[in-house]
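What follows is a set of notes on a single structure, which appears directly below.
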Amino acid sequence: MACYWIGDIQGCDQPFGHLLEKIDFSPSRDQLVILGDLINRGPDSVAVLRRLMALDGSVHCVLGNHDLHGLAVANGLRQAGRTDTLNALLQAPDKSELIQWLRQQALALWSHGVLSVHAGVLPTWTVTQTLSLAAELESVLRGPDWLDFLRLMYGNTPSAWQDNLQGIDRWRVVVNALTRLRFCTPSGEMEFDTKESAGQAPAGHVPWFEVPGRRTAGTTVAFGHWSTLSQPPRTDVWALDSGCVWGGCLSAMRLNTDGSHERLKVPCPQAQKPG
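Printed below as a string of structure tokens:
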């Protein structure tokens, strides 16, 4: 048995299928962890969702910012953007089933000693706190008030975590950290405008995984979201968004039963420009 962590698919079903073939994935033997942004920007989000649903118990997904945005658009709470490719999802005959499946997915996962998120983890959070806060938000998304949350989800404030946060302020910090974070200050103030590489941090900010004293340091964190980020020269983070939807590659990390791991990738024929 092997476990594979796969970066942002973003509706690129053909490369996803090629990657599963390359790793000789067997749903009866192996496990997949998909690191969010399952849909949007690529050509076939519906096929990606249907493929994942068919894999059932052998696949575990965390949600990314594009997945949450897709849920909001599909429920009329947000207008689709110029570069969104959600029309097929909105018109799918099984739209209700696809949306229902998507909102049941996690925001953080712990398996095989690896913490999986879409974007990042705030420096003051432990693994246990990260999973607990993710579980809070998962409960909201699966509960009766999930549309109210999606309606109020968008925004950059509050920009930092405080233990006394409540309601939408609390949930917005959690969702922004787990699905949008790239850079923050050493004290944990998040910044969302910069999308460049780690070496182009805005003044006073560093990549979230480089904050001194980060409480998840030493724990392997697998994440996507950051297509301009090369794999950092450290062993406790796996950066797996290699820009498939922008004409890069779709990447996976294989963890073998002996504890060794190996990065694999397939090319993606997309030629979109980041927007």
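Numbering (this note's numbering), first residue to last: 24 to 298.
Even for Gly, the Cβ is constructed at its ideal location relative to N, Cα and C.
Per DSSP, residue 62 lies in no beta strand (DSSP E) segment and is marked neither H nor E. For the set 200, 154, 187 and 155, the Cα lying nearest the Cα of residue 176 is the one of 200. In the displayed model, residue 82 falls within a strand according to three-state DSSP.
For residue 42, the enclosing alpha helix (DSSP H) has its first and last residue at 36-45. When rounded, the separation of the alpha-carbon atoms in residue 27 and residue 241 is 20 angstroms. Going by DSSP, residue 196 is part of the alpha helix (DSSP H) stretching over 190-203.
Annotation note: the segment 206-289 contains the following uninterrupted beta strand (DSSP E) runs of length 3 or greater, listed N- to C-terminal: 243-246, 260-262 and 272-278. Residue state for residue 129 is assigned as strand, using DSSP reduced to three classes. Under the Cβ criterion (8 angstroms, minimum of three pairs), the segment 106-119 does not count as touching the segment 198-218. One Cα belongs to residue 194, the other to residue 256, and the distance between them is close to 32 angstroms. Annotation for residue 137: the continuous beta strand (DSSP E) segment containing it runs 137-139. In this structure, residue 141 sits near residue 202, with a CB-CB distance shorter than 8 angstroms. Around the beta carbon of residue 161, 16 or more other beta carbons sit within 10 angstroms, so the residue counts as buried. Nearest to residue 121 by C-alpha distance, out of 277, 285 and 90, is 90.
Distance from residue 72 to residue 62 at the Cβ level is roughly 7 angstroms; contact confirmed, criterion being Cβ atoms closer than 8 angstroms. Taking a 10 Å sphere around the C-beta of residue 119, we find fewer than 16 other C-beta atoms and assign the residue as exposed. Per DSSP, reduced to three states, the secondary structure at residue 122 is helical.
DSSP places residue 169 in the uninterrupted alpha helix (DSSP H) bounded by 169-175. Spatial neighbours of residue 259 in its own chain (CB-CB distance under 7 angstroms, excluding positions within 5 residues in sequence) are listed in chain order as 240, 241, 242, 243 and 244.
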